[in-house]
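Q: So that we are looking at the same thing, I have put the structure below in structure tokens.
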Amino acid sequence: MDSVENTQSSDHEDRRADLDISNSDIKELVLRNGLELKTYNELIDAKKDRKKKYEENTEKLGESNIRKWMAKHGKKHLINFDDKERSKLKQYFNSLDDDGSGSIGVDELVEPLISLGLAETIEEV
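Here is the structure:
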């Protein structure tokens, strides 16, 4: 029985030896295929970002499906904005959110409100 285990172990080690790849081999392969070299932490951060976007998109899809269901079942009067209107509002919001923080501060409203004539001074804003 030991000889069978030793033979299997030896075969496994031989296959692993054939597959030994160095860091420089990996780097060369990545660069040759036009990929970007990233650190482990960069890869983890990118994965977290993708997961967050996935969750946000899943939530948006669910909300959109609810609005469509409500409209189809005679509840349109309960919907504040349809998908097109929501998209346009989001576009307007993003154009005002200069720092990309997800909120609009008073300092981001000064220029648009004064230039549109909705306020005359910073104090009015």
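Following the numbering used here from start to finish, the sequence shown increments by one per residue and tops out at 120.
Don't be surprised by glycine CBs; every beta carbon is placed ideally from N, CA and C.
#1: Just to confirm my understanding: we take residue 114, look at its own chain, exclude 5 residues before and 5 after, and list those with CB closer than 7 Å. What are they?
#2: Short of 8 Å in beta carbon distance, which residues of its chain neighbour residue 76, apart from the five on each side in sequence? Order them along the chain.
#3: Here's the rule: buried if 16 or more other CB atoms are within 10 angstroms of the residue's CB, otherwise exposed. What is residue 27?
#4: Along the chain, where does the alpha helix (DSSP H) that runs through residue 26 open and close?
#5: Would a C-beta distance cut-off of 9 Å place residue 91 and residue 103 closer than the cut-off?
#6: Taking just the CA atoms, how far does residue 71 sit from residue 88?
#7: Whole-angstrom Cβ separation of residue 78 and residue 98, contact assumed at under 8 Å?
#8: Between the C-alpha atoms of residue 40 and residue 47, what's the straight-line distance to the nearest angstrom?
#9: Can the beta-carbon of residue 22 be found closer than 9 Å to that of residue 38?
#10: Let me know the secondary structure DSSP gives residue 38 once reduced to three states.
A: By the coordinates alone:
#1: Cβ neighbours of residue 114 beyond the five flanking positions: 108, 120.
#2: For residue 76, where only same-chain residues beyond five positions count, the Cβ hits under 8 Å are 84.
#3: When all chains shown are included, residue 27 counts as exposed.
#4: Segment 18 to 27, the alpha helix (DSSP H) holding residue 26.
#5: At the C-beta level, residue 91 and residue 103 come within 9 Å of one another.
#6: Straight-line Cα distance between these residues: approximately 24 Å.
#7: Not quite, the Cβ-Cβ distance comes to about 23 Å (not below 8 Å), so this is no contact.
#8: Looking at the two C-alpha atoms, the distance is approximately 11 Å.
#9: No, the Cβ-Cβ distance between residue 22 and residue 38 is not below 9 Å.
#10: Residue 38: helix per DSSP, three-state reduction.
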